[in-house]
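The structure appears right after this line, and notes come after that.
There are 2 protein chains.
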Amino acid sequence: MEALVQVKEQIKIFVQECNDERSLELLDLLATGKMLRSKLILKIAGETPEALRLCAVVEMIHAASLLHDDVIDEADTRRGKPSINALFDNKTAIMFGDILYSKAFTELSQMDRKIAYNVANAVTLLSIGEMHDVALTDTFNSDYKKYLDMIYKKTASLIEASAASAAILAGRDEEKYALYGKNLGLAFQMIDDILDITQDSATLGKPAMLDFVEGKVTIPYLLLHQRLGDKQKLENLYKKELTQEESDWIKHQMEVTDALADSISQAQALGNEAINVLHDENNPELIMIMKAMIEREF
Amino acid sequence: MEALVQVKEQIKIFVQECNDERSLELLDLLATGKMLRSKLILKIAGETPEALRLCAVVEMIHAASLLHDDVIDEADTRRGKPSINALFDNKTAIMFGDILYSKAFTELSQMDRKIAYNVANAVTLLSIGEMHDVALTDTFNSDYKKYLDMIYKKTASLIEASAASAAILAGRDEEKYALYGKNLGLAFQMIDDILDITQDSATLGKPAMLDFVEGKVTIPYLLLHQRLGDKQKLENLYKKELTQEESDWIKHQMEVTDALADSISQAQALGNEAINVLHDENNPELIMIMKAMIEREF
């Protein structure tokens with residue numbers, strides 16, 4: 000998509016405006032993702048100069064949050080490339096994240112007030128979500144509401160704000176698109192959490208079932224925990240390196256109790272709710288994005 | 000000053016709006032500084048609700064930058080209290096910094112557009128200044144312009160933006176107050192750098208002449224380096240633990256070459272320029288703040 004190249008060009012222009020050689024070098028080293036948020040903005044608002052600037056701002060914020068996440072999670076790789084903290088050090092990743100955040104906010108301050116509020120508020124939620132994500136790995140969390148609130152803040156809030164802001168740019172119904180973005184984000188995270196269990200390590204590019212080892216009690220584990228008569232066995236495996244037998248037992252129990260199938264259903268229900276809300280909006284591409292996400296193989 | 004208590008109350012309200020218990024606990028653990036930026040804003044704009052909100056935003060940004068600085072510098076203390084990274088860990092300091100930054104930007108997005116731009120742009124400069132500060136400790140920097148640019152970005156830019164924004168709130172001459180704030184910040188940093196040499200460790204609360212050991216070539220060292228016939232001896236002492244004899248030699252050379260006296264003169268010249276610019280503004284308190292800073296004992 001030609002427009003995504005223009006978004007990358009706009010990001011580069013914004014970073015060039017910072018007059019800092021090092022930041023430009025670091026920008027070149029960032030692995031580009033799927034640019035989901037930009038795709039969403041462009042499909043809602045069209046490929047206008049304003050929309051391209053909003054895309055650049057949101058992608059810079061997203062990149063900044065990942066730079067800090069990788070320091071917090073001590074991650075060596077990001078999208079198959081070495082992370083900035085691994086290539087250099089933590090401080091470089093922290094400082095470059097702060098530069099991207101603040102330059103994005105500077106540009107945001109010159110946009111529509113409601114858009115600036117939406118996006119800045121989403122970053123607050125995202126930062127609090129990151130705090131909760133870390134806190135929830137302290138002990139086994141069996142509270143589904145806490146999980147849902149955390150993934151809303153950490154993953155869905157910026158996607159929600161992107162969609163809502165794009166709707167404002169296009170003069171469309173902000174609330175409908177906000178709900179679409181929110182549900183897309185929630186479904187995306189749930190499916191990511193499900194794939195951690197159902198896919199093998201070769202496909203994932205990391206060890207399978209790593210979430211639970213790292214202390215993350217995601218939706219399939221939450222549903223399983225609710226449904227197990229003897230919860231102790233599952234709790235005992237929490238944050239442990241799992242043997243083949245143990246991971247097989249978890250997967251088997253997730254099938255027997257329908258924990259896995261019901262997790263998939265919940266993600267799909269969120270997707271379908273969003274599809275219904277956009278029914279009269281005549282935006283078949285957004286429907287396709289959501290369908291591609293929820294109607295995949297698990 | 001009663002109004003500074005109100006600023007702290009406003010910060011607490013903003014953090015409460017984040018609905019995150021942990022953030023409120025962490026806020027309580029932050030050591031309060033002199034609140035120089037707030038004092039400046041209140042003396043320029045008066046103690047209005049708008050000014051108090053701007054103060055809270057600027058103090059939150061300043062606190063966030065210190066939280067990240069302490070991680071970057073691996074600092075154990077801040078204003079005589081244990082730093083957040085020392086009390087807990089780096090990730091807590093990074094995440095709480097991100098929460099304070101983003102909540103401040105969210106509030107800023109609802110203020111006057113020019114104020115929002117001024118402050119957000121200052122944070123970009125501040126973040127780049129931090130990057131340069133770290134980079135300048137790699138090798139002996141003998142370029143005075145690089146030092147001046149770095150302290151402008153890292154220390155003066157947010158003070159400049161605070162003063163300019165307060166002037167906008169009060170309908171006063173933005174440029175005059177921007178210059179005052181910029182020069183106050185530059186003089187403040189230069190004097191801090193001079194005191195590192197002239198004061199003993201008991202007064203400083205840390206080892207004297209630590210800057211040079213840590214790789215910071217500040218203004219007195221820069222002037223000394225320019226004036227020494229044999230520069231090699233000074234360069235050889237860079238980033239070394241200094242013996243008493245070595246630090247005595249540096250101080251003696253700084254006196255013989257007038258490097259120290261001229262550093263003080265440069266800080267004073269910046270202060271006097273600001274005092275002159277505000278001559279017709281009828282704000283004796285701002286003149287007093289600057290005089291108190293530059294007319295002290297060194």
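Protein chains in written order, with numbering that gives the first Met the number 0: chain A, 0 to 297; chain B, 0 to 297. The beta carbon of each residue, even a glycine, is placed where N, CA and C say it ideally should be. All values reported here derive from a predicted model rather than from experimental measurement.
With distances taken between CA atoms, residue 170 of chain B lies nearest to B/50 out of B/28, B/62 and B/50. Taking the Cβ atoms as the reference, residue 103 of chain A lies roughly 17 Å from residue 167 of chain A, outside the contact range of under 8 Å. Between residue 34 of chain B and residue 3 of chain B, the gap from beta carbon to beta carbon is short of 7 Å. Counting along the chain, the unbroken alpha helix (DSSP H) around residue 224 of chain A starts and ends at 218-226. Under the three-state reduction of DSSP output, residue 238 of chain B falls in the coil class, being neither helix nor strand. Cα atoms of residue 56 of chain B and residue 291 of chain B: separation of roughly 26 Å, rounded to the nearest angstrom. Residue 113 of chain A has its alpha-carbon roughly 13 Å from the corresponding atom of residue 53 of chain A. Only those residues of the stretch 119-150 of chain A whose C-beta falls short of 9 Å from the nearest C-beta of chain B are listed: 119, 120, 121, 122, 123, 124, 125, 126, 127, 129, 130, 131, 133 and 134. At a cut-off of 7 Å, the C-beta of residue 98 of chain B has a neighbouring C-beta in chain A.
Residue-level contact by beta carbon fails for residue 40 of chain B and chain A, as no gap is shorter than 7 Å. Of all residues in the stretch 84-96 of chain A, only 89, 90, 91, 93, 94, 95 and 96 place a beta-carbon less than 9 Å from a beta-carbon of chain B. In the structure shown, the three-state DSSP call for residue 77 of chain B is strand. The beta carbon of residue 154 of chain B does not come within 7 Å of any beta carbon belonging to chain A, so the residue lies off that interface. In the three-state reduction of the DSSP assignment, residue 170 of chain A falls in the coil class.
For residue 22 of chain A, the enclosing alpha helix (DSSP H) stretches over residues 20-28.
In the DSSP assignment, residue 82 of chain B falls outside any alpha helix (DSSP H) and carries neither an H nor an E. Taking all protein chains in view, the Cβ of residue 108 of chain B is crowded by 16 or more other Cβ atoms within 10 Å, so the residue is classified as buried. Here DSSP, grouped into helix, strand and coil, assigns residue 108 of chain B to coil. Here DSSP, grouped into helix, strand and coil, assigns residue 120 of chain A to helix. By the neighbour-count definition (other C-beta atoms within 10 Å, threshold 16), residue 78 of chain B is an exposed residue.
Contact with chain B is absent for residue 251 of chain A, since none of that chain's Cβ atoms lies less than 7 Å from the residue's Cβ. With a cutoff of 7 Å on beta-carbon distance, residue 256 of chain B and residue 123 of chain A are scored as not near each other. By the Cβ test, the stretch 205-218 of chain A is not in contact with the stretch 77-96 of chain A, since fewer than three Cβ pairs between them sit closer than 8 Å. Less than 7 Å divides the Cβ of residue 223 of chain A from the Cβ of residue 253 of chain A. Residues of chain B with a Cβ closer than 7 Å to the Cβ of residue 115 of chain A are, in chain order, 108. Around residue 21 of chain A, the beta-carbon contacts reaching into chain B at under 8 Å are 130 and 134. Under the three-state reduction of DSSP output, residue 278 of chain B falls in the coil class, being neither helix nor strand. In the pairwise beta carbon analysis, the stretch 143-156 of chain A is classified as touching the stretch 116-134 of chain A: at least three pairs are separated by under 8 Å. Setting aside the 5 residues that flank it on each side, residue 220 of chain B is surrounded in the same chain by 211, each with a C-beta closer than 7 Å to its C-beta; the list follows chain order.
Between the stretch 272-289 of chain B and the stretch 176-184 of chain B there are three or more C-beta pairs closer than 8 Å, enough to call the two in contact. Within the stretch 61-76 of chain A, the residues whose Cβ lies closer than 7 Å to some Cβ of chain B are 67, 70 and 71, listed in chain order. In the three-state reduction of the DSSP assignment, residue 198 of chain B falls in the coil class, being assigned neither a helical nor a strand state. At the C-beta level, residue 165 of chain B and residue 118 of chain B stay beyond 7 Å of one another. Residue 294 of chain B counts as exposed, since fewer than 16 other beta carbons sit within 10 angstroms of its beta carbon. Taking C-alpha positions only, residue 267 of chain B is separated from residue 186 of chain B by approximately 7 Å.
Residue 163 of chain A and residue 43 of chain A have their C-alpha atoms spaced approximately 9 Å apart.
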